[in-house]
């Protein structure tokens, strides 16, 4: 008997299974492999927009059928922040699920997926020294002192993680949290002066002796801090001017050629889905608008309600509704599209119960001891048996603090932003359902009650009702003011001299949700005329009119 054949068969089965049994977030190479597998589908096309300074591809995956660029489209973005591993996995899994389980949606909707806009920073998770990195591989003088990367991170206890550094000192501003001494919180006026206090830094050494730690690390520009809306000049990770990097420039160039995008869904720290944005009248009336406009806030509230019905967990302490220079706000304020952002996952609020005289009470929210995001996370991790999320405080020798007790430790980098990988499939399924619901709400133009009436003398009156059969308007309120969202074009294919009333081409600013608009022409002559109405982001409707 030839024993080699069974062994080879077993090995082939093992390797085939292992390639699909991901145990942790994918590396950049694994991301590329999965994208190329999807690109084998007839309904997908993969292109590299550019390469980063670190040599990583910026991928764009197009999903759709037929004339992709004349159907309403949703743009999905992952990796807007390099430390947000979940966002990349969500972009990949949502794309896979659309192709495999929801291909029918591609008949009417196009998807542009940018799975990882920060691959240089993302790769730090897979390095020998892990820390939550934002910047790419550009060489940048972050602290503007004339030297580049002279004050980087240092792994003082050689555990492979850059965590926190605490120094016991009566001058410290931090004290242990009353419910979990592993966590440090800012001391308030109630804190006792004789209580043990700490100074808190990121793990490293003050190499340039400016009393700051790790302010000039070996990382460059952060994609999510370098866009044009409220660009944060003179701040670290932003660069000298907006859109200075190959990846941001390539993405925006690509988007400005895609007139059919009606909405963005970004996976990142910002959140206007579980908690919609608020309208600020004063900021909305500025020359440079800095508040979502009132009608768009109403749309945000409607989509947020759908999101919260679809995603089965509540956000905890998710008040980040955008930061200066970020992508999510750029898509709305500077590109005029509906723009939604979500981290995709939050640590649920843990409510521990205790019994007092037979009555169940909430021990977390009652009393003077208030939980923090960190203590809530550690309680959740313990309750759900999520292991290896905390690095015990370990004493080290530190040249900047001789004869003082110095320790490194704290919650592991990445742990609070990214759930255990085993949870990602259900998270992706829920968010795929939400995105399908959003696609089904896209603007939908319909023609109704087309009539022709002979007027004599070779003249015909043509009337038709144009209807937007959608809960969304054809244009966001801000999009209606933006030149980057095309108006609805109404075109009747007759010679201009034969149209006695009406126009061969007419532009309509917008149709509100479920709005009807009656159109009419008086046309001379006989034969057939073609009526075509729409815009790339709404799709087009056509009808042949017999005169």
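Residue numbers (my numbering): 32 to 578. C-beta atoms are modelled at their ideal positions from N, C-alpha and C, and glycine is treated no differently.
- Message: Looking only at its chain, what residues have a beta carbon closer than 7 Å to the beta carbon of residue 280, apart from the 5 residues adjacent to it on each side?
- Response: 274
- Task: Mind checking who residue 184 pairs with in its DSSP beta bridge?
- Result: 235
- Task: Helix, strand or coil for residue 462, going by three-state DSSP, please let me know.
- Result: helix
- The alpha helix (DSSP H) spanning residue 404 covers which residue range? 404-414
- Task: Count the other CB atoms, across all protein chains shown, that sit within 10 Å of the CB of residue 173; report buried if there are 16 or more and exposed otherwise.
- Result: buried
- Query: What is the rounded straight-line gap between the Cα of residue 577 and the Cα of residue 498?
  - Reply: 21 Å
- Check whether residue 303 and residue 371 have beta carbons under 8 Å apart: yes
- Query: Do the segment 410-418 and the segment 177-191 meet, that is, are 3 or more Cβ pairs less than 8 Å apart?
  - Reply: no
- Figure out for me which residue from 61, 56 and 144 has the closest Cα to the Cα of residue 77. 144
- Please list, in chain order, all residues of the same chain as residue 55 whose beta carbon is under 8 Å from its beta carbon, the five residues on each side excluded. 452
- Task: Output yes or no for whether 8 Å exceeds the beta carbon distance between residue 367 and residue 510.
- Result: yes
- Message: Just to check my reading of the structure: residue 129 and residue 463 have Cβ atoms closer than 8 Å, yes? What is that Cβ distance to the nearest angstrom?
- Response: 7 Å
- Which value, in whole angstroms, describes the spacing of the CA atoms of residue 570 and residue 256? 33 Å
- For the segment 473-484 and the segment 432-452, state whether three or more C-beta atom pairs, one from each stretch, are separated by less than 8 Å. no
- First and last residue of the uninterrupted beta strand (DSSP E) at residue 492: 490-499
- Along the chain, where does the beta strand (DSSP E) that runs through residue 143 open and close? 141-145
- With DSSP run on the structure shown, which of helix, strand or coil describes residue 520? strand
- Item | Nearest neighbour of residue 495, chosen from 504, 503 and 484 [CA to CA] | 484
- Endpoints, the beta strand (DSSP E) within which residue 376 is located: Residue 376 -> no beta strand (DSSP E), and no H or E assigned at all.
- Message: Assuming contact is defined by CB atoms lying nearer than 8 Å, are residue 432 and residue 206 in contact in what I supplied?
- Response: no
- Query: So who's on the other strand from residue 207, going by DSSP bridges?
  - Reply: 215
- CB-CB under 7 Å to residue 331, same chain, minus the five flanking residues each way: which ones, in chain order? 303, 307, 308 and 323
- Should residue 479 and residue 516 be called a contact, given that it needs their Cβ atoms to be closer than 8 Å? no
- Neighbour-count burial assignment, residue 423, 16 or more Cβ in a 10 Å radius: exposed
- Item | CB contact flag (residue 193, residue 134, <8 Å) | no
- With a Cβ-Cβ cutoff of 8 Å, do residue 455 and residue 120 count as a contact? yes
- Out of curiosity, what's the CA-to-CA distance linking residue 468 and residue 493? 36 Å
- Query: Helix or strand or just coil, what does DSSP make of residue 369?
  - Reply: strand
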